[in-house]
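With the first letter of the sequence shown counted as 1, position 227 gets the number 239 in our numbering; the numbers rise by one all the way through. Just so it is clear, CB atoms sit at the ideal spot from N, CA and C, and this is done for glycine as well.
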Amino acid sequence: MDPSTFEPRACELLHGLGFTPQMMQKATKDMSGGWRMRVALAQALFVEPMLLILDEPTNHLDLGACVWLEEYLSRYPNTLLFTSHSEDFMNGVCTNIMQLTQKGTLVVWGGNYDQYIKTRTEVEKNQLTKYKKEQDDIKHLQEFIRSCGTYANLRVQAESKQKIIDKMVEAGLTEKPMPDPSYERRARFSFPDSEKISPPVMAFASVSFSYSGKKEDHLYEKLELGVDLDSRIALVGPNGAGKSTLLKLMLQQIEPTEGEVKRSGKLRIGHYNQHSEAVLDLEATPLQFLKDLYPEGIVTISGKKKMEDPEWRGKLGSFGITGDFQTRKMKTMSDAPPHKMVMLLMALVNPHVLLLDEPTNHLDMQCIDALAKAINKFSGGVVLVSHDFRLISQVAKEIWVCDKKTVSKWEGDIQSYKKHLKKEVMKKFKA
13 MDPSTFEPRA CELLHGLGFT PQMMQKATKD MSGGWRMRVA LAQALFVEPM LLILDEPTNH
73 LDLGACVWLE EYLSRYPNTL LFTSHSEDFM NGVCTNIMQL TQKGTLVVWG GNYDQYIKTR
133 TEVEKNQLTK YKKEQDDIKH LQEFIRSCGT YANLRVQAES KQKIIDKMVE AGLTEKPMPD
193 PSYERRARFS FPDSEKISPP VMAFASVSFS YSGKKEDHLY EKLELGVDLD SRIALVGPNG
253 AGKSTLLKLM LQQIEPTEGE VKRSGKLRIG HYNQHSEAVL DLEATPLQFL KDLYPEGIVT
313 ISGKKKMEDP EWRGKLGSFG ITGDFQTRKM KTMSDAPPHK MVMLLMALVN PHVLLLDEPT
373 NHLDMQCIDA LAKAINKFSG GVVLVSHDFR LISQVAKEIW VCDKKTVSKW EGDIQSYKKH
433 LKKEVMKKFK A
């Protein structure tokens, strides 16, 4: 590479991943973990190796950066190998899918993720049909052989049928397709129904906010918006526009500089963000942690309920924490079980509204689908920030764009918003 291109190339990559010119000059030690991950990703892209290996590259990215990275990697000139929980991202980038089977072998399928699912489903359907036919044929042949008994006049026919079976076995019988174990043990999240409360559940009345308290630093000005029990809202917008800040205002973790956030006095909120796992005692087991956290029981639609061990185990199992995972220290687990624990803690609040800030990090695709189903069955309101286009398309009825100190409703679905982002991204590539 020409050294004279190093700085502009680095700036191009960082800009695509959401860095402003001011942030590019900031020391990495002063950045959050998520932004340091973006720096590491930009570093890997900058080198442009012959083999680029990425593990969940869209984690810690917002929607705009995901669209940029999808476009960038779809043009990558060398070999790319990555893991991802984002079907949308894989569809935009992949030309082949590698499946790790239960037997520990790798099977390569041509096409993107949707094509892989379609082809694999067809192959396994045909394989199952062939397997059943072979097993039926063998069963009928064996029944005929048994019916021959020891009759001398039927012995030749029995031996002939046995030779047919032997030839089938020698040629290799079709294996029965094995179900994906991740589907067998998938979580079935659920959020309980809460008592109805009268609207407005939450209302912003001429809300302005800045962290400094100064008007010239306002992230938002004169916001007028509301959230009710039938709300299904996805917050989108560029980095730094204040999506997480808006959630903090809803949670009353921060107070408006001007105006008021009005909340029903009966309102209970289930909240998830990328730091929620900090509330967990990783030295404890999931079962013991819940018993210690709720010694007097949990809130239900019928009132307070005392919980016994079998009921706690049932709650854990319903969120995909089963078997010995319930009695193992959480520090010995991968990221997924503690993440599911946080989801369970949200459910135990018996919330009227869920506020979810990037809930899909550390979840596999089956768990993301389970989360989407749980949200769709939930009787309360939902406000979501996510980089997962597919999750948003499954659960959001409204798209709110946070930008330029205001929040506006996008007239369209999340896919039309993605097309809008892609147009903006293409301008960067043409520039």
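Looking only at its chain, what residues have a beta carbon closer than 6 angstroms to the beta carbon of LEU185, apart from the 5 residues adjacent to it on each side? Sequence-distant Cβ neighbours of LEU185 in its own chain, meaning closer than 6 angstroms and more than five residues away, are GLU146.
Sort out for me which residues DSSP pairs GLU423 with in a bridge. In the DSSP output, where bridge partners are listed per residue, GLU423 has none listed.
How long is the line joining the alpha carbons of HIS374 and HIS351, rounded to whole angstroms? One alpha carbon belongs to HIS374, the other to HIS351, and they sit about 7 angstroms apart.
Would the segment 201-209 and the segment 362-372 be scored as touching if the rule is three or more Cβ pairs under 8 angstroms? Cβ pair count under 8 angstroms is three or more, so yes.
Expected contact under 8 angstroms - CB spacing of ILE245 and GLU410 to nearest Å: Rounded, the Cβ-Cβ distance is 5 angstroms, consistent with contact.
Ordered along the chain, which non-local residues of its own chain (more than five positions away) have a Cβ less than 7 angstroms from that of ARG21? Here the set comprises PHE58.
With distances taken between CB atoms, is the gap from ASN90 to PRO61 smaller than 8 angstroms? With respect to PRO61, ASN90 sits close: the two C-beta atoms are nearer than 8 angstroms.
Do three or more CB pairs link the segment 303-321 to the segment 383-391 at distances below 8 angstroms? No, because fewer than three Cβ pairs between the segment 303-321 and the segment 383-391 fall closer than 8 angstroms, the two stretches do not touch.
Selected residue, minimal CA-CA separation from PRO250, among THR40, LEU433, SER243, ARG48: The option with the nearest alpha carbon to PRO250 is LEU433.
Give me the DSSP bridge partner(s) of HIS283. According to DSSP, which records beta bridges pairwise, HIS283 is partnered with LEU367.
Whole angstroms are fine: how far does the CA of ASP14 sit from the CA of LEU241? Those two C-alpha atoms are separated by around 57 angstroms.
Touching by the beta-carbon criterion (3+ pairs, under 8 angstroms), the segment 308-328 and the segment 255-268: Contact annotation: the segment 308-328 does not touch the segment 255-268, with fewer than three C-beta pairs closer than 8 angstroms.
Measure the beta-carbon distance from ALA54 to LEU26 and round it to whole angstroms, keeping in mind my assumption that it falls under 8 angstroms. 5 angstroms between Cβ atoms; contact.
Per-residue DSSP class, three states only, for PHE401: Note: PHE401 maps to helix in three-state DSSP.
CB contact flag (LEU75, ARG50, <8 angstroms): LEU75 is not a Cβ neighbour of ARG50, given a cutoff of 8 angstroms.
Quick one: what does DSSP say GLY76 is sitting in, helix, strand or coil? In this structure, DSSP gives GLY76 a helical state, which the three-state scheme calls helix.
What are the start and end residues of the alpha helix (DSSP H) that includes PHE156? In the DSSP assignment, PHE156 falls within the unbroken alpha helix (DSSP H) covering 125-160.
Cβ-based neighbour list, LEU472, same chain, cut-off 7 angstroms, excluding 5 preceding and 5 following: Outside the displayed range of the chain (13 to 443) lies residue 472, so it cannot be described from this structure.
Please report the residue range of the alpha helix (DSSP H) in which CYS379 lies. Where CYS379 is concerned, the enclosing alpha helix (DSSP H) stretches over 377-389.
Do you know how far the Cα of TYR128 is from the Cα of THR141? Cα-Cα distance, rounded: 20 angstroms.
Would you say LYS341 lies against chain D (beta-carbon separation less than 8 angstroms)? Given the protein chain composition of this structure (a single chain), no chain D is represented.
Are the segment 213-232 and the segment 291-299 touching by the rule of at least three beta carbon pairs closer than 8 angstroms? By the C-beta criterion, the segment 213-232 is judged not to be in contact with the segment 291-299, since fewer than 3 inter-stretch pairs fall below 8 angstroms.
Consult DSSP for GLU196 and reduce its assignment to one of helix, strand or coil. At GLU196, the pLDDT of 47 sits below 50, so the modelled position is not reliable and the matter cannot be decided from this model.
For the alpha helix (DSSP H) holding LEU263, just list the boundary residues, first then last. That run of the alpha helix (DSSP H) goes 255-263.
Can you give me the Cβ contacts of ILE176 inside the same chain, cut-off strictly under 7 angstroms, excluding the 5 residues immediately before and after it? For ILE176, the CB contacts under 7 angstroms within the same chain, skipping 5 residues up- and downstream, are LEU153 in chain order.
For the beta strand (DSSP E) containing SER243, list its first residue and its last residue. Where SER243 is concerned, there is no enclosing beta strand (DSSP E), given that its DSSP letter is neither H nor E.
Does TYR88 pass the burial test, meaning 16 or more other C-beta atoms within 10 Å, or should it be called exposed? The residue in question, TYR88, is exposed, as its Cβ has fewer than 16 Cβ neighbours within 10 Å.
Beta-carbon proximity check, SER98 vs THR70, cutoff 8 angstroms: Contact: yes.
What separation, rounded to the nearest whole angstrom, lies between the Cα atoms of SER428 and ARG275? Going by the C-alpha atoms only, they are around 32 angstroms apart.
Quick one, which of THR339, VAL361, PHE331 has its alpha-carbon nearest ALA348's? Ranking the options by Cα distance to ALA348, first place goes to PHE331.
Below 6 angstroms CB to CB, which residues in the same chain sit around ARG167 once its five sequence neighbours on both sides are set aside? Exclusion of the five residues before and after ARG167 leaves no residue of its chain whose Cβ lies closer than 6 angstroms to its Cβ.
Using the beta-carbon count (16 or more within 10 Å), is LEU63 buried or exposed? Under this definition LEU63 is an exposed residue.
Taking the straight line between their C-alpha atoms, what separation do you get for GLU82 and GLY104? Going by C-alpha positions, GLU82 is about 6 angstroms away from GLY104.
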